[in-house]
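Each residue of the sequence shown is one higher than the last, beginning at 231 in this note's numbering. Every residue, glycine too, gets a C-beta built ideally from N, C-alpha and C. Just so it is clear, the structure is predicted and the values come from calculations on it, not from any experiment. Structure, as structure tokens:
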Amino acid sequence: IGFICMHIHAALQGESASLSTMIAQILTETIAIIEREMQINLNDYEVAKQRLITHLKFAIKRSLDGVEINNLIGDLVHDKYRKSYQIACMIGDHIENTYGISIGEGERCYLTIHLQNIVMYRK
């Protein structure tokens, strides 16, 4: 049933089933990295998790299309949210090394903000 759902979802989104499968795998691996590094269960932060997943889906598609977003907040993010930025870089490196998809600095910074939101929810 999951296989059929994946094909239907891919058709509705106008993308191949293999792309949908790859994105789903990347999201699963990314969630595992975040949960391991932050020592949390993302299911406890459902809103933040959904925002993160939505961002990652579009970030992957932008990267595959060769679209890079501007890094307008890089210096602020690097300095203020070091741990979240390190995790974002870990995720970006994993995606690049495993799938050959380059996650640019701008995407890493916005990913950092999503991770930092999770940190803020924890407090």
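{"Asked": "The alpha helix (DSSP H) enclosing G296, as first and last residue numbers", "Found": "That residue, G296, is in no alpha helix (DSSP H); it is neither H nor E in DSSP."}
{"Asked": "Assigned secondary structure, Q269 (DSSP; H/G/I helix, E/B strand, else coil)", "Found": "coil"}
{"Asked": "Collapsed DSSP secondary structure at G336 in the structure displayed", "Found": "helix"}
{"Asked": "Alpha-carbon spacing of I270 relative to V297, whole angstroms", "Found": "32 Å"}
{"Asked": "Own chain, CB closer than 8 Å to H239, minus 5 neighbours either side, in chain order", "Found": "For H239, the pLDDT reaches just 48, beneath the cut-off of 50, and the residue's location in the model is therefore unreliable, although a value from the coordinates is still provided. Closer than 8 Å at Cβ, skipping near neighbours: S250."}
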